[in-house]
Amino acid sequence: MIKINIEDLEGALNNHVENVQDYINYDALENRERIYIEKNIEYILKAKPDEFEDVIMKARQNNIDNNRLKKAFVGGSKYGGSIGYSKFSSKGTSTYNAYDLAQKLKVNICPYCNRNYTFTIKEKNSKSTRPDFDHFYDKGTYPILALSFYNLIPSCILCNSRLKGRAKFSINTHLHPYKDSFNDYAKFKLKVLDSKFYYDEKSFEIKLETKNNKAKKIKEDFALETLYQEHKDIVLELIQKREVYPDSYIDDLFQQYEGTLFKNREDVLRHITGGYIEDKDIDKRPLSKLIKDISEELDLI
Ligand SMILES: [Zn+2]
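Numbering follows the numbering used here, with no gaps: position 301 of the sequence shown is 301.
Here it is in structure tokens:
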């Protein structure tokens, strides 16, 4: 998992909160519930990850019925049709929708797996694509958070639909991509099994090590260590590059092409490793965390 970094977070947040309110079906609520939700709607939609539990608890304390909340915030065939999240996420919705949010966020790599691209393309008369929006707190159990900005995690379809499935996430059990940097808590490591590891993928394994319990849950629920075994070819190339490119050669490359091909030494290292290797850049290309961690271990960077 990689922390979501957004240039204009405030802009995206305010735009979302302003526009998505129109999709809440207040008529589905009892009068006292409606008054409560209307009064607190900004707090609900803008709630930071650390405030989610408070939003949920206060709705319970005020006896807001979950089924009516589903009809107000979620929609879909069982809960009143094209309203709430159902309307927001529908391709046919011509007013503000999930494509607009995705376009504003520009999260181009899945923050959960750092393996798949999640570009947004929205053009008239053309095919469109966008990331899925995973509900960090699932919308079936917590409908009050179905439209809340920080509960909508842009992610790849595999992480959202295939891997997370019905796993229960909470701020107390899992790292949150808007709040926490997995990069601080977990590291990919090479586990060498025998001396053929220079040319044989069967001779090593990739480990994802962490001592943090919330990072462990992310690792397990998205099967990260298992999936990353499928990227051994990249790691094998790094092992071989370490042999082929001694530090003196990297220095020579930099001196030779500084100002023409390469702006700085980072550019040379990206050219060699194939990944963005600075911490702030690992959300720019798939597998950058794997490449960075293993390259560090190999003393390549
Ligand atoms: Zn993913």
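The beta carbon of each residue, even a glycine, is placed where N, CA and C say it ideally should be.
If you run the structure through DSSP and keep just helix, strand and coil, what is residue i?
i: Thr-226; result: helix
i: Val-192; result: strand
i: Thr-210; result: strand
i: Phe-52; result: helix
i: Ala-186; result: strand
i: Gly-274; result: coil
i: Ile-121; result: strand
i: Ile-171; result: coil
i: Ile-6; result: coil
i: Glu-30; result: coil
i: Gly-76; result: strand
i: Ile-37; result: helix
i: Ile-294; result: helix
i: Gly-81; result: strand
i: Ile-109; result: strand
Between residue i and ligand 1, is there a pair consisting of the residue's CB and a ligand heavy atom that are separated by less than 6 Å?
i: Asn-116; result: yes
i: Tyr-311; result: Outside the shown range of the chain, which is 1 to 301, sits residue 311, and nothing can be said about it.
i: Ser-155; result: yes
Could you give the C-beta distance for residue i and residue j, rounded to a whole number, given that I count them as a contact under 8 Å?
i: Asn-114; j: Leu-287; result: 7 Å
i: Lys-71; j: Gly-80; result: 5 Å
i: Asn-151; j: Phe-136; result: 5 Å
i: Lys-217; j: Glu-225; result: Contact doesn't hold; Cβ gap of about 13 Å is too wide.
i: Phe-188; j: Ile-206; result: 6 Å
i: Tyr-26; j: Asn-62; result: Incorrect: roughly 15 Å between the Cβ atoms, too far for contact.
i: Ile-2; j: Pro-111; result: 5 Å
i: Tyr-198; j: Gln-229; result: That pair is no contact at about 18 Å.
i: Arg-285; j: Tyr-276; result: 5 Å
i: Ser-89; j: Ala-98; result: 5 Å
i: Tyr-96; j: Asn-14; result: Between Asn-14 and Tyr-96 the Cβ distance is about 12 Å, and since that is not below 8 Å, they are no contact.
Name the two residues that bound the continuous alpha helix (DSSP H) containing residue i.
i: Ser-155; result: Run containing Ser-155: none in the alpha helix (DSSP H); it sits in the beta strand (DSSP E), 152-155.
i: Phe-262; result: Segment: none, Phe-262 is in no alpha helix (DSSP H) and carries neither H nor E.
i: Phe-149; result: Per DSSP, Phe-149 belongs to no alpha helix (DSSP H) and is neither H nor E.
i: His-135; result: Per DSSP, His-135 belongs to no alpha helix (DSSP H); it is in the beta strand (DSSP E), 132-135.
i: Asp-283; result: Segment: none, Asp-283 is in no alpha helix (DSSP H) and carries neither H nor E.
i: Ile-144; result: First-last for Ile-144: undefined, no H or E at that position.
i: Lys-232; result: 232-244
i: Leu-298; result: Leu-298 -> no alpha helix (DSSP H), and no H or E assigned at all.
i: Lys-179; result: It is not in any alpha helix (DSSP H) - Lys-179 carries neither H nor E in the DSSP assignment.
i: Ala-47; result: Element bounds for Ala-47: n/a, residue is neither H nor E.
i: Arg-68; result: 66-73
i: Asp-251; result: 247-257
i: Asp-100; result: 98-105
i: Tyr-85; result: 84-89
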